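**Q** Starting off with a structure, shown below.
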Amino acid sequence: DDENESYDDKYLPLEHPWEIPWPRGYERDEIGPVWTRKDCMDSSLTPIAKGGETLALQRLQKAVTARPDWTAAFEKPKTSCTEVSSPSTTVLSPYLSLGCISPRTAWHAVSDANKRASSGTNRSKPPVSLHGQLLWRDFNNLIAHSANAQHPSSWGRMKDNPYCRDVPWSSNPEYLAAWKGGRTGYPWIDACMAQLRTEGWIHHLGRHAVACFLTRGDLWQSWEEGADHFEGLLLDADYALNNFNWLWLSCSGFFYQYFRCYSPVAFQKKNDPNGNYIRRWVPELANLPAKNIYEPWKANVAILNKAGVKLGKNYPRPIVEHSVVSKENMSKMSL
């Protein structure tokens, strides 16, 4: 039409990813960019995946097609959240969330790999198998659609969300900032948040831990705040999946076993006793002995000095006492 013709030749192909055409009908001061040219040029950011269909298909080939036995035996709960060299999962989620490959393409690649797996392979089944993960992804989309069909725009928030429990979360800007910045004083939580800032990705067990810590586990902050933060930093940010996971992990929906709480110390310690993951992502603690790296506040002054750790200066003290607040929060959730 005549209105659209007035924009002819004004929206040319982008020369750089930060040159996104300005939205029609909005003044420049009404909108602020989330990502800027400075972000794109930041050498400290090392995204775990780079975009495009070509790289997505290469990743699918490397992670799934070329590893039929691994693919057929894949069980999500048995993957490692402590890897520092290469991830223990497929890392296809960014490509799926952005449409670089379709779920159908991934499904058939998994099916083909399963057929080629050796006869002695112990084949996994949904929901823990790769096919199960794709089915779970579609279930999340179904629930998001259902929520919005009942109450438009309710998915992603507590108000009017038919699948969300109404929890009286508190609002503490200091707690929220410490969590976002990886300055909670709990090394595993802080390491996960550092990886998120740098790579735009965390293993699902790491996501579970930081989500529980922010909400029902320790800080008692709204899952909406956490979901918004993840939405801004995750390469695989997905409207349906991200909000579903936050509902689940905060015990606001679908999962209500609030007495099952992730310890910010014990859970990861059994998987990575030497703290290699923490040493990678919280370098200020890298020289601590293994017995102190998950709880540096328990180390004596001589050990801290030798490791170059100054609690309250180059690394914070715990923002809360987990053993106390976790029990208080369980009582709140039981009401």
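To convert a position in the sequence shown, counted from 1, into our numbering, add 48.
Idealized CB from N, CA, C, for every residue including glycine.
The model shown is predicted, which means the values in this text are computed figures rather than measured ones.
1) Does the segment 275-285 come into contact with the segment 361-369, if we say contact requires no fewer than three beta-carbon pairs (one atom in each stretch) closer than 8 Å?
2) Where does residue 225 land, buried or exposed, given buried means 16+ other C-beta within 10 angstroms?
3) Residue 158 and residue 178: beta carbons closer than 8 Å?
4) At what residues does the alpha helix (DSSP H) containing residue 236 begin and finish?
5) Distance check for residue 239 and residue 92, CA to CA, integer angstroms please.
6) Please confirm if the segment 182-201 is in contact with the segment 285-305, defined as three or more CB-CB distances below 8 Å between the two stretches.
7) Tell me whether residue 376 is buried or exposed, calling it buried when 16 or more other Cβ atoms sit within 10 Å of its Cβ.
8) Is residue 357 close to chain C, meaning its C-beta is less than 8 Å from at least one C-beta of that chain?
9) Measuring CA to CA, which of 73, 87, 63 is closest to residue 248?
10) Assess contact between the segment 307-323 and the segment 245-261, defined as three or more Cβ pairs (one per stretch) separated by less than 8 Å. Is contact present?
11) Evaluate contact between the segment 199-210 and the segment 141-151, counting only Cβ atoms and requiring at least three cross-stretch pairs below 8 Å.
12) Here's a check: name, in chain order, each residue in its chain whose Cβ is nearer than 8 Å to the Cβ of residue 107, leaving out the five neighbours to either side.
13) From 64, 319, 351, pick the residue whose C-alpha is nearest to that of residue 127; which is it?
14) Using 8 Å as the threshold, is the C-beta distance between residue 351 and residue 337 below it?
15) Going by the CB atoms, is the gap between residue 294 and residue 268 shorter than 8 Å?
16) Which class does residue 211 belong to by DSSP, given the choice of helix, strand or coil?
17) What residues are listed by DSSP as bridge partners for residue 6?
18) The alpha helix (DSSP H) with residue 187 in it runs from where to where?
19) Please classify residue 363: does DSSP put it in a helix, a strand, or coil?
20) Using a Cβ-Cβ cut-off of 7 Å (strictly less than) and excluding sequence neighbours within five positions of residue 334, which residues of its own chain qualify?
21) By a C-beta neighbour count over all protein chains shown, 10 Å radius and 16 as the cutoff for buried, is residue 322 buried or exposed?
22) Just tell me which of 161, 136, 154, 246 has its CA closest to the CA of residue 115.
23) For residue 308 and residue 75, I'd like the C-alpha separation in whole angstroms.
24) How would you write the range of the alpha helix (DSSP H) that residue 167 sits in, first residue to last?
25) When you compare only the Cα positions, how much space is there between residue 329 and residue 242?
26) Does residue 197 pass the burial test, meaning 16 or more other C-beta atoms within 10 Å, or should it be called exposed?
27) Contact defined as beta carbons within less than 8 Å: I believe residue 111 pairs with residue 169. What is the distance between those atoms, to the nearest angstrom?
28) In the DSSP assignment, find the alpha helix (DSSP H) that holds residue 142 and state where it starts and stops.
29) Which first and last residues belong to the alpha helix (DSSP H) in which residue 113 is found?
30) Does the separation of the CB atoms of residue 176 and residue 210 fall below 8 Å?
31) Let me confirm a value: residue 331 is counted as buried when at least 16 other C-beta atoms fall within 10 Å, else exposed. Which label applies?
32) Tell me which residue opens and which closes the alpha helix (DSSP H) that residue 149 is part of.
33) What whole-angstrom Cβ distance do residue 283 and residue 135 have, given they're in contact under 8 Å?
34) Going by CA-CA distance only, name the one from 180, 246, 200 that's closest to residue 228.
**A** According to the structure data:
1) no
2) exposed
3) yes
4) 235-247
5) 15 Å
6) yes
7) exposed
8) In the structure shown, chain C cannot be found, because there is only a single protein chain.
9) 87
10) yes
11) no
12) 97, 138, 139, 140, 143
13) 319
14) yes
15) no
16) coil
17) The chain is shown from 49 up to 383; residue 6 falls before or after that span and cannot be answered.
18) 178-198
19) strand
20) 327
21) exposed
22) 161
23) 49 Å
24) Segment: none, residue 167 is in no alpha helix (DSSP H) and carries neither H nor E.
25) 6 Å
26) exposed
27) Wrong, their Cβ atoms sit about 17 Å apart, outside the cutoff.
28) 141-145
29) Where residue 113 is concerned, there is no enclosing alpha helix (DSSP H), given that its DSSP letter is neither H nor E.
30) no
31) exposed
32) Where residue 149 is concerned, there is no enclosing alpha helix (DSSP H), given that its DSSP letter is neither H nor E.
33) With a Cβ gap of about 12 Å, residue 283 and residue 135 do not count as contacting.
34) 246
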